[in-house]
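J.:
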Amino acid sequence: MTAVIRASWPGSRNTSHCFSEPMNMSQIQRRQFLAGIAGGATTIVLSPLSSAKPAASPLGRRFKSGLAEQGFDYMTLYGGEDVTQPTPRRGLWRSDKHVVNTAMAIKTYALSWRLTRRETERTFPARMLEILDRYHGQANGMFSGDECLSGKSPTQGTELCAVVETMYSLEHLISVTGDPAFGDRLERIAFNALPATFAPDMWSHQYDQQVNQVQCTINPDHMWATNGPESNLYGLEPNYGCCAANMHQGWPKFVAHLWMREGEGIAATAYAPSSARFETRGAQVRVALDTDYPFRETLTLTVTTDKAVRFPLVLRVPAWTEGATIRVADGSAKRLKPGSFHKVEHQWQGTVEVDLCFPMKVKTSRRYNGALAIERGPLVYSLKLGENWTRVNADKPHRELPHGDFEVRPTTPWNYGLLMDEAKPETSVTFDEQPVGERPFSPEGAGVVAKVKGRKLPGWKLEHGWAAEVPHEPQSSKEPIEELTLIPYGCTNIRVTEFPRIKE
Ligand SMILES: [Zn+2]
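Numbering of the sequence shown is given in the numbering used here, commencing with residue 370 and proceeding in unit increments.
1) Just the C-alpha distance for Glu756 and Pro687, rounded to the nearest angstrom, thanks.
2) Do the segment 578-596 and the segment 534-541 make contact, defined as three or more Cβ pairs closer than 8 Å?
3) Any heavy atom of ligand 1 inside 7 Å of the beta-carbon of Leu529?
4) Give me the Cα-Cα distance between Thr667 and Ala763, rounded to the nearest whole angstrom.
5) Given this structure, state the Cα-to-Cα distance separating Lys830 from Glu807, to the nearest angstrom.
6) Quick check on Val583: does DSSP put it in helix, strand or coil?
7) Taking 8 Å as the limit between beta carbons, can you name the residues of its chain near Gly619, skipping five residues before and five after?
8) Locate the alpha helix (DSSP H) running through Ile543, then write down its first and last residues.
9) Name the DSSP beta bridge partners of Asp590, please?
10) Cβ of Cys611 within 7 Å of any heavy atom in ligand 3?
11) Rank Lys872, Tyr858, Arg870 by C-alpha distance to the C-alpha of Asn581 and give the top, closest one.
12) Suppose contacts are defined by Cβ-Cβ distances below 8 Å. Is Val777 in contact with Gln584 by that definition?
13) Unbroken beta strand (DSSP E) runs of length 3 or more, entirely within the segment 427-493: which are they?
14) By how many angstroms is the C-alpha of Glu832 removed from the C-alpha of Lys825?
15) Return the chain-ordered list of same chain residues with a C-beta closer than 6 Å to the C-beta of Lys676, the five sequence neighbours on each side being excluded.
16) Nearest by alpha-carbon distance to Leu480: which of Ala437, Thr445, Met511 is it?
17) According to DSSP, simplified to helix, strand and coil, what is Met616?
18) Mapping the DSSP letters down to three states, classify Phe623 as helix, strand or coil.
19) Quick one: give me the first and last residue of the alpha helix (DSSP H) that Pro681 is part of.
20) Report buried or exposed for Asp553, applying the criterion of at least 16 other Cβ atoms within 10 angstroms of its Cβ.
21) Between which two residues does the alpha helix (DSSP H) containing Phe551 stretch?
22) Starting from His715, trace the beta strand (DSSP E) both ways and give me its first and last residue.
23) Suppose the cutoff is 7 Å on Cβ atoms and the five residues either side in sequence are ignored; what does the same chain contact list for Phe493 look like?
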């Protein structure tokens, strides 16, 4: 598949990168760091050429081979133990475990495969993601890095630059491999990790977001590996300016890769309200998607052509859905296979409606220290907290409003454990659809609200200015049972997402 909008190959101009403590880098580290980026980014430039002509020229292969020699060897790193270890507090900044380098590198071998056709390169990105999930994975679809890989604890951070670069890598991986799992992963990050890490009005953002983030303050007692005390503030350029520049690639590149060409037809690789135009077999075609997904299960597509034409419409069916259906025009509903691309071969004429339904079933997962996380469809759910925003750093340059710096503190309790029937989570959690707000990714604009029961855990407190580690064993609590309100992770600014378990 190739992106419909050719302007969506900005990787060729994308030199964005960040390293917060360059003074710690030796000349060799700096050379490796920059060469690693140069190798990946230059492969993107080469890649459209190779996709047009699968057997690359000997010159192209020599060029790629030269890049590989200068770039970093992630295959060897991910074959060893070292990458599995979290970077310790006040640990050594390392380019090979740097979270943004890692995010950018996820796509590199797949792009290289377009030139080399080595199967090990095509399959390596999925292996790399599997290792990152196992040792550094976070409930929001990302892996930790504050700013080098920092383990699975929900209070370690993930840098915003890594979020947008992982999305961009996944967009390329869908294009190269045609694997729908990369589309599922892309949506998980786009609808959770991305919107959570900036304020709903997008005037301020964080450097590091936390999955359990109960307050964001200037915190000299922090437990980041190498980042600074302002890393989870909402601000203009907290900790370092890279994320202020980089955050703006997230949504536009996502939109530019929602639709991709597939042969004579078109493929939907991820879903959001959108439209795209293309030409095939002499006909002008417009596809448009009208939906409140991911806050709803239904999606209405319209295909409009200026003359009768036959082409395939290819639709990603998420792996998490059960009982998904499609209806084309006035036809009967047909079942779809989860975790696949479904091809609709049709003689399109005029405007034809295609209705999709992706039922979303609640699921729980056990995470760090056996904590419980709740998800439904592409969305992860977090405890909704009252918020108090306080302006800070007002005397720093360029902090005049609206782009000021802010601390956020909770005005409601956060230390709850959950009462869940993990075998039948649908009996423990209820979901209510709400009108999707003007700002869909805000606490008040959340299109879905969930209710679940829990008890306060008075012993679960702040430690180092953050929520302490989730206790490993199920906890006893004599506090009364309360009904808790959860909203999608991407709608929160402060939150609890990984909850302790309560003994009944
Ligand atoms: Zn950054």
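Don't be surprised by glycine CBs; every beta carbon is placed ideally from N, CA and C.
The structure presented is a predicted model; accordingly, all values stated were derived computationally and were not measured.
T.: Once the coordinates are examined:
1) 34 Å
2) no
3) Within the cutoff, so yes.
4) 45 Å
5) 35 Å
6) Coil, per DSSP.
7) Val532, Val533, Met536, Ala559, Leu563
8) 529-546
9) Looking at the DSSP assignment, Asp590 forms no beta bridge with any residue, so it has no partner.
10) Among the ligands present in this structure, namely ligand 1, ligand 3 is not found.
11) Comparing alpha carbon positions, the residue from Lys872, Tyr858, Arg870 closest to Asn581 is Tyr858.
12) Contact: yes.
13) Note on the segment 427-493: there is no whole beta strand (DSSP E) run with a minimum of 3 residues.
14) Rounded to whole angstroms, Lys825 to Glu832 spans 17 Å at the Cα level.
15) Ala652
16) Closest by alpha carbon: Ala437.
17) helix
18) Here Phe623 sits in helix by DSSP.
19) Pro681 -> not in any alpha helix (DSSP H); beta strand (DSSP E) instead, spanning 678-686.
20) Classification of Asp553: buried, given that the 10 Å Cβ count is 16 or more.
21) 549-557
22) For His715, the enclosing beta strand (DSSP E) covers residues 709-717.
23) Met444, Tyr478
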